[in-house]
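Structure record follows, encoded as structure tokens.
Set out below in structure tokens:
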């Protein structure tokens, strides 16, 4: 089985689906001959041509707006927004149009667009190449939000997203684009949207995370395990629809929950997870829920390693929660 | 205009019209081929929009309808869709019901939508006048202006990619040309030669805000220049000119020669919506000026000049439409709201577990009774 990084896995998924389904088109800034700034669409232009791998003008609202129109007509567009930080010019098209087409037309019109976008910090990108805007989209009924942490899931989830009938915000953890490597089956397979995965079984505390933060949490778990702690790690993989059963089953078992994400704390996705646990597993809790998140500041440049949840911060949260 | 070495193009500055005051067709015009049957069908369609508007506004004033938007004076712009085939798509804004009717949207569906009742084709999901008619390729309307423009370009572009010769016609008002969506859509269409017809209803007002507060451009049509496409200014109250210009644009789009911007110069004689009082911001005599240029009266004069107008036919149309409206209203008013459980449908292709839980939560509660009536 080949070993791929996340970029290669995404690229493989796109190639497989474009070969299988002529309705699939890729569009975005620099996705054509150049193959995307992170090379995720590399080689697709050569294989499928400029009609299906489209370099667009530099306008995110246009990329998503036209992708919606393409999907209405029956194509399966997979637009790329070069950095999640640049997605806001398309916000109206995403939250007011894409998310609502099926509902507002009583099911007459659907726009199953899969928006791929690299997100997250840790690449010395400052405010505008580091943000984690997942909560805005998880807060919008009508959108699915998928965030893989590794190559296997990235390929399988992207194939599932493109084959689905709903719009998907597919956020790719760019800090580990190349660092996260793993065996990826050749050919076709899907990972179901809406299913979390237990990446480390443990008895003492449930650590909920997704995307690049999964790797930080694994590192933290290794640290604390050396001291006899036994955390369970859940990679959510899909934020919406959330696998609530996986979350609640684990928390009911361990009686403790730590939530880690890069996005700012206030109204971040962790708030939703904490509320869910408080609503449905309060009586099983042995300790307060703890969130380890980015701070409520804009994403910084020089101090990004202080801003981002580090393995040490996660490890401390695990220890404190277990000892509470 | 300061454009060195370039004379203003006639098409971008002159107002293209065909029907003269006496109903005859301008001698040097290029009138479209229009059968007598079609000419009368268009007359009936114009009348239908006017009569429906009059009735629905009365209903709104009586408190029987929550909200309404009328089209008085702009009806001819709706029927530019005569130039389309059924497989072409229309991306409307909220003031082109005639385009939907003409493509087969029934008065019954229209009225049920206004009432948001259990037979509303969009299941009571939107305010009145936000229609959607799949069978007519008339795309679901949203309130934020301009979002339909890049979408229309995407649909047209998709037809091209799919090697079909369907085209998109997108409607918007002159106020919408101030948005980024207009720029983005025009720009993408120009770059990719998308078979898209941009039809701007320049009716003079965006709610209360006049043309000169939207743009310093001497016309809307001239904006086409910067996007590498033709722009034409058409008398929007002249249905023959509207059809002619649209047919030309459609032919160009189908032939692979790309998009066209049509500026339909018209006037919004009524308020923006039933919530609006235009006398606050404009001279009440201004709309009266435009009554003389009424598009329906003008079409009538054209029919007379062609020798196919009969008063009896008009009376018959009026009576048929009137009866249809009465029947549609009687029906719509007695249908209740959509079933409560439908609130959770169509968010996704399937109802996710958590959303199903919310549905069960709502269904377990006693039914909410609004103190304001309705559902």
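Protein chains in written order, with this note's numbering: chain A, 75 to 398; chain B, 346 to 720.
The beta-carbon is built from N, C-alpha and C at its ideal position, and this holds for glycine as well.
This one's a predicted model, so the numbers in the text were calculated from it and none came from an experiment.
Span separating the alpha-carbon of residue i from that of residue j
{"i": "residue 280 of chain A", "j": "residue 307 of chain A", "result": "6 angstroms"}
{"i": "residue 129 of chain A", "j": "residue 363 of chain B", "result": "42 angstroms"}
{"i": "residue 327 of chain A", "j": "residue 282 of chain A", "result": "14 angstroms"}
{"i": "residue 101 of chain A", "j": "residue 203 of chain A", "result": "20 angstroms"}
{"i": "residue 592 of chain B", "j": "residue 253 of chain A", "result": "56 angstroms"}
{"i": "residue 113 of chain A", "j": "residue 225 of chain A", "result": "15 angstroms"}
{"i": "residue 313 of chain A", "j": "residue 482 of chain B", "result": "34 angstroms"}
{"i": "residue 607 of chain B", "j": "residue 535 of chain B", "result": "14 angstroms"}
{"i": "residue 310 of chain A", "j": "residue 271 of chain A", "result": "6 angstroms"}
{"i": "residue 216 of chain A", "j": "residue 632 of chain B", "result": "43 angstroms"}
{"i": "residue 268 of chain A", "j": "residue 332 of chain A", "result": "21 angstroms"}
{"i": "residue 353 of chain B", "j": "residue 134 of chain A", "result": "For residue 353 of chain B, the predicted model reports a pLDDT of 38, less than 50, meaning its position is unreliable; a value from the coordinates is still stated below. Rounded to whole angstroms, residue 353 of chain B to residue 134 of chain A spans 33 angstroms at the Cα level."}
{"i": "residue 184 of chain A", "j": "residue 665 of chain B", "result": "36 angstroms"}
{"i": "residue 393 of chain A", "j": "residue 287 of chain A", "result": "18 angstroms"}
{"i": "residue 730 of chain B", "j": "residue 241 of chain A", "result": "Within the shown structure, residues of chain B are numbered from 346 to 720, placing residue 730 of chain B beyond reach of any answer."}
{"i": "residue 419 of chain B", "j": "residue 561 of chain B", "result": "23 angstroms"}
{"i": "residue 444 of chain B", "j": "residue 636 of chain B", "result": "22 angstroms"}
{"i": "residue 585 of chain B", "j": "residue 377 of chain B", "result": "7 angstroms"}
{"i": "residue 389 of chain A", "j": "residue 108 of chain A", "result": "41 angstroms"}
{"i": "residue 448 of chain B", "j": "residue 441 of chain B", "result": "12 angstroms"}
{"i": "residue 407 of chain B", "j": "residue 671 of chain B", "result": "15 angstroms"}
{"i": "residue 274 of chain A", "j": "residue 334 of chain A", "result": "15 angstroms"}
{"i": "residue 187 of chain A", "j": "residue 594 of chain B", "result": "29 angstroms"}
{"i": "residue 657 of chain B", "j": "residue 610 of chain B", "result": "32 angstroms"}
{"i": "residue 414 of chain B", "j": "residue 198 of chain A", "result": "52 angstroms"}
Exposed unless 16 or more other CB atoms sit within 10 angstroms - verdict on residue i
{"i": "residue 398 of chain A", "result": "exposed"}
{"i": "residue 596 of chain B", "result": "exposed"}
{"i": "residue 341 of chain A", "result": "exposed"}
{"i": "residue 661 of chain B", "result": "exposed"}
{"i": "residue 379 of chain A", "result": "exposed"}
{"i": "residue 201 of chain A", "result": "exposed"}
{"i": "residue 509 of chain B", "result": "exposed"}
{"i": "residue 375 of chain B", "result": "exposed"}
{"i": "residue 349 of chain B", "result": "Interpretation of residue 349 of chain B is limited by its pLDDT of 31, a score under 50 that renders its predicted location unreliable; the figure taken from the coordinates is listed afterwards. Exposed, because fewer than 16 other Cβ atoms sit within 10 Å of the Cβ of residue 349 of chain B."}
{"i": "residue 629 of chain B", "result": "exposed"}
{"i": "residue 701 of chain B", "result": "exposed"}
{"i": "residue 296 of chain A", "result": "exposed"}
{"i": "residue 346 of chain B", "result": "At residue 346 of chain B the pLDDT is 29, less than 50, meaning the model places this residue with poor confidence; the figure from the coordinates comes in the next sentence. Exposed, because fewer than 16 other Cβ atoms sit within 10 Å of the Cβ of residue 346 of chain B."}
{"i": "residue 480 of chain B", "result": "exposed"}
{"i": "residue 624 of chain B", "result": "exposed"}
{"i": "residue 714 of chain B", "result": "exposed"}
{"i": "residue 193 of chain A", "result": "buried"}
{"i": "residue 619 of chain B", "result": "buried"}
{"i": "residue 626 of chain B", "result": "exposed"}
Coil, strand or helix - residue i by DSSP
{"i": "residue 322 of chain A", "result": "helix"}
{"i": "residue 174 of chain A", "result": "coil"}
{"i": "residue 363 of chain A", "result": "coil"}
{"i": "residue 401 of chain B", "result": "helix"}
{"i": "residue 317 of chain B", "result": "Examination of residue 317 of chain B is not possible in this model, given that chain B is present from 346 through 720 alone."}
{"i": "residue 359 of chain B", "result": "coil"}
{"i": "residue 464 of chain B", "result": "coil"}
{"i": "residue 491 of chain B", "result": "coil"}
{"i": "residue 87 of chain A", "result": "helix"}
{"i": "residue 476 of chain B", "result": "coil"}
{"i": "residue 306 of chain A", "result": "strand"}
{"i": "residue 575 of chain B", "result": "coil"}
{"i": "residue 533 of chain B", "result": "helix"}
{"i": "residue 552 of chain B", "result": "coil"}
{"i": "residue 570 of chain B", "result": "helix"}
{"i": "residue 111 of chain A", "result": "coil"}
{"i": "residue 721 of chain B", "result": "Residue 721 of chain B lies beyond the stretch modelled for chain B, which goes from 346 to 720, so this question has no answer here."}
{"i": "residue 286 of chain B", "result": "Outside the modelled stretch of chain B, which goes from 346 to 720, sits residue 286 of chain B, for which no answer is possible."}
{"i": "residue 693 of chain B", "result": "coil"}
Do the stretch 170-187 of chain A and the stretch 529-548 of chain B make contact, defined as three or more Cβ pairs closer than 8 angstroms?
no
Any 3 or more C-beta pairs closer than 8 angstroms across the stretch 131-147 of chain A and the stretch 463-470 of chain B:
no
Between the stretch 155-167 of chain A and the stretch 543-563 of chain B, can you find at least three pairs of beta-carbon atoms closer than 8 angstroms?
no
Threshold first: 3 residues or longer. Then list the beta strand (DSSP E) segments lying entirely within the stretch 233-258 of chain A, N to C.
242-247, 255-257
Is the stretch 224-241 of chain A in contact with the stretch 78-87 of chain A, if contact means three or more CB pairs nearer than 8 angstroms?
yes
Three or more C-beta pairs under 8 angstroms: does that hold for the stretch 510-521 of chain B against the stretch 538-550 of chain B?
yes
Quick check for students: name the residue ranges of the beta strand (DSSP E) that lie wholly in the stretch 130-195 of chain A, counting only runs of 3 or more.
150-154, 188-193
Residue ranges of each alpha helix (DSSP H) run of no fewer than 4 residues wholly in the stretch 321-397 of chain A, ordered along the chain?
343-355, 378-381, 385-397
Complete alpha helix (DSSP H) runs within the stretch 391-441 of chain B (minimum length 4 residues, chain order)
420-423
For the structure I just gave you, are there three or more beta carbon pairs, one from the stretch 638-658 of chain B and one from the stretch 426-436 of chain B, closer than 8 angstroms?
no
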